[in-house]
Amino acid sequence: MTDDPAGTLELTIGPVAHGGHCVARHEGRVIFVRHALPGEVVRARLTEHDDGASFWRADAVEVVQASPDRVNHPWPLADALLAAQRGASPVGGAEFGHIALAAQRKLKATVFSEQLHRLAGVDRDIEVEPVPGETPDGLRWRTRASFAVGPDGHLAMHAHRSNELIPVAEMPLAIDAINELQLWTVNFTGIQRVEVAVGSAGDPPLVLLVPAPGARRKQTAAVVHQIDGASVALWDPEKGTIERVKGKTWLAETVGSQTYRITGDGFWQIHRGAPGLLMDAVLGGLAIQPGERAADLYSGAGLFTAPIADAVGETGSVLAVEGSAGASRDAKRNLHGRTQVDIVQGKVDRVLRDRKPSLDVVVLDPPRAGAGQAAITEVTAAGPRAVGYVSCDPASFARDVGYFQQAGWELDTLRVFDLYPHTHHMESFAVLRPGRG
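No gaps in the numbering here: position 241 of the sequence shown is 285 in our numbering, and each next residue is one more.
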């Protein structure tokens, strides 16, 4: 490793680490490097390098010795090497695009295995599964996309860990229906954020506009006039309100025989194939029986609640707990008529502590931060024969597996899915069971 006169460091890249970077060392200090691959020699530009910091961060800007797994990035704006040639930063959100898809999955498997070993003391051989029907190039899978608005009124995205805005005129990870709206041609003056979602049931796309502070109605009306082929609504994230402008404020999603209503700002899996894949994994992994008492925790709009209710039948029961008021309202619409379902809005640990249910099977699908010890304590106290855990973060999942082990439980089956190609993110589904001892 050497210092370069251009203000970069030449680094030999070490192993991949959780978070979308690899580890290198310079004069005894750890440097987390993005846009590199294990074994490469790169020149890297420091992005965070306080003298007192325990580690630094850097972006690879030139490859001295390339890995055989390095490929041309499918999104030029997210290519760190091309950005460096322009004297700019790359767009965040496609940090693994320089890596062949098969190699991406191997790196993700390494990260998942390492987190599981380090945080839970569990050793597993991990295979990261592609979504059935995935495109060969790993593009066109996002059904949701979020954009900022640049000073010129046109769509932009942020650089990683930065307020820097980079103008965009395409989103290669998004499905065609999002790109076909051509929102890059719209002048969004008076808007500070734009969210776009496309449902699977044939509805027009839904565009949510977050007005900038002090924006006038005349400005937002001018923006709406430019958007064709989509429903449009004004969204206030602070108040949690959505105001219809044209079309609908919700989308219909169809998964198997189930159809769901998802209000504009409500959570839904963003990969077009994820809802069906995860539903099949949950039902196949838990083998829920008629008459069983089930709980769907962090249940959202009811993706898993509906098929669980069908599985337990009218003689069984399902307790669905969700913290979001909007998602709970959607769930009540989506589960209307299933009398065996009890939908409760609230914190999972508090609801379970207050109700003290006796359960046969539980599904956990928490946000990225994981379920946490308080919720897991209440889940295990309910006495289920099995818990199905859906996770989007290997670190919080591994930590929570450790909490289950402290309660005498064991990790049974585990599957990991590549629901986020060209990023470092992944999704997993595990079945945990009470220990036999």
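Just so it is clear, CB atoms sit at the ideal spot from N, CA and C, and this is done for glycine as well.
Would you decide whether Glu-171 is buried or exposed? Buried here means 16 or more other CB atoms lie within 10 Å of its CB. exposed
Between the beta-carbon of Ile-57 and the beta-carbon of Leu-81, is there less than 8 Å? yes
Close Cβ partners of Tyr-304 (< 6 Å) along its chain, the five nearest in sequence each way excluded: Glu-297, Ala-345, Asn-378
Which same chain residues, not among the five before or five after Glu-208, have their C-beta less than 7 Å away from its C-beta? Ser-133, His-202
Please state the DSSP three-state secondary structure of Gln-449. helix
What does a CB cutoff of less than 6 Å around Gly-51 pick up in its chain, not counting 5 residues either side in sequence? none
May I have the straight-line CA-CA distance separating His-461 from Ser-472, to the nearest angstrom? According to the sequence displayed, residue 461 carries Phe and not His. For Phe-461 and Ser-472, the distance between alpha carbons rounds to 6 Å.
Among the residues of its own chain, which have a CB less than 6 Å from the CB of Asp-167, if the five just before and after it don't count? His-161
Do Asp-393 and Leu-363 have their C-beta atoms within less than 8 Å of each other? no
What do you get for Phe-99, buried or exposed, if any count of 16 or more other CB atoms within 10 angstroms of its CB means buried? exposed
CB contact flag (Ala-474, Leu-458, <8 Å): yes
Secondary structure at Phe-156, three-state DSSP: helix, strand or coil? helix
Which residues bound the beta strand (DSSP E) around Met-201? 199 to 202
If contacts are defined as beta-carbon pairs under 8 Å, then Arg-184 and Ile-143 qualify, I think. What distance do you get, rounded to the angstrom? Their Cβ separation, rounded to whole angstroms, is 18 Å, which puts Arg-184 and Ile-143 out of contact at 8 Å.
Can you say whether Val-108 is buried or exposed, counting buried as having 16 or more other CB atoms within 10 angstroms of its CB? exposed
Given a cut-off of 8 Å on the beta-carbon distance, is the pair Val-240 and Leu-253 in contact? no
Which ranges would you report for the beta strand (DSSP E) in the region 90 to 147 if only whole runs of at least 3 residues count? 99 to 109
Three-state secondary structure (DSSP) of His-65: strand
Do Leu-225 and Ala-265 have their C-beta atoms closer together than 8 Å? no
When you compare only the Cα positions, how much space is there between Glu-139 and His-79? 6 Å
What first and last residue would you give for the beta strand (DSSP E) that runs through Ser-487? Nothing in the structure corresponds to residue 487, since the chain is present only between 45 and 481.
Whose CA, out of Ile-352, Ala-189, Glu-287, lies closest to the CA of Ala-331? Ile-352
Alpha carbon to alpha carbon, how far is Ala-104 from Leu-130? Give it in angstroms, no decimals. According to the sequence as given, residue 130 is Arg; it is not Leu. Spanning the two alpha carbons is a distance of roughly 14 Å.
Own chain partners of Gly-197 with C-beta closer than 7 Å, once the 5 adjacent residues on each side are dropped: Asn-231, Phe-232, Thr-233
Leaving out five residues before and five after Val-299 in sequence, what residues of the same chain have Cβ atoms less than 8 Å from its Cβ? Ser-244, Pro-319, Gly-320, Met-323, Leu-347
Output the distance between the C-alpha atoms of Leu-151 and Val-60, rounded to the nearest integer angstrom. 7 Å
Taking the alpha-carbon positions, what's the Ser-487 to Ala-200 distance? Residue coverage of the chain in this structure runs from 45 to 481, which leaves residue 487 outside it and unanswerable.
When DSSP builds the beta bridges, which residues end up paired with Ile-10? This structure gives no information on residue 10, because the portion of the chain shown stretches from 45 to 481.
Please give the ranges of any alpha helix (DSSP H) in the region 255 to 279, keeping only runs that are unbroken, at least 4 residues long and fully inside the region. 261 to 269
State the CB to CB distance for the pair Tyr-342 and Pro-401, rounded to an integer number of angstroms; the pair is presumed to be in contact (CB under 8 Å). Actually they do not touch by this definition, with Cβ atoms about 16 Å apart.
With 16 as the cutoff for other CB atoms within 10 Å, does Met-45 come out buried or exposed? For Met-45, the predicted model reports a pLDDT of 42, less than 50, meaning its position is unreliable; a value from the coordinates is still stated below. With fewer than 16 Cβ atoms within 10 Å of its Cβ, Met-45 is classed as exposed.
Please report the distance separating the alpha-carbon of Thr-383 from that of Arg-260. 46 Å
Does Ser-435 come out as helix, strand or coil in the three-state DSSP assignment? strand
Suppose the cutoff is 7 Å on Cβ atoms and the five residues either side in sequence are ignored; what does the same chain contact list for Asn-223 look like? Glu-214, Met-215
Which value, in whole angstroms, describes the spacing of the CA atoms of His-65 and Ile-210? 21 Å
Can you tell me where the beta strand (DSSP E) with Arg-337 in it begins and where it stops? 337 to 341
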